[in-house]
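Residue numbers (this note's numbering): 83 to 166.
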C-alpha cells in the first residue's frame with residue numbers, strides 16, 4: 083500500500099525543470115507528451131550534493147534522515163506510516 087500519492091502536472095513550451103531534489107517515497111512517473119530527462123545519483127553521494135539541513139544518516143533504502151527531522155525506521159517508514 084503506497085504511503086503517499088502526489089500528482090504533478092505542468093505544461094511549458096520552453097521546457098521545465100524540477101531542480102535537484104530527493105523524494106521521500108517511491109515514484110511512478112508518467113509522461114503524456116514530450117520528453118523528460120532524469121539524472122539519478124546514488125545515496126552515498128548525499129553529502130557531496132550539499133543538502134539543506136544536517137544529514138544524520140542515509141538509510142539502506144536510500145532515504146536521507148536529517149537531524150531534528152521526522153524519525154523513521156530503517157525501511158524509511160515513519161510513525162505516521164506505521165499507524166496506517
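Each residue gets a CB set at the ideal place from its N, CA and C atoms; glycine is no exception. Note that the coordinates shown come from a computational prediction; the quantities given were computed from them, not determined experimentally.
- Out of 141, 120, 140, 144, the CA that lies nearest to the CA of residue 99 is found in 120.
- If you check the CB distance, residue 139 and residue 147 come in under 8 Å.
- Where residue 147 is concerned, the enclosing beta strand (DSSP E) starts and stops at 146–148.
- Contact annotation, residue 153 with residue 161: C-beta distance approximately 7 Å; criterion of less than 8 Å satisfied.
- In the three-state reduction of the DSSP assignment, residue 140 falls in the strand class, which pools E and B.
- For residue 109 and residue 165, the gap between their C-alpha atoms comes out near 22 Å.
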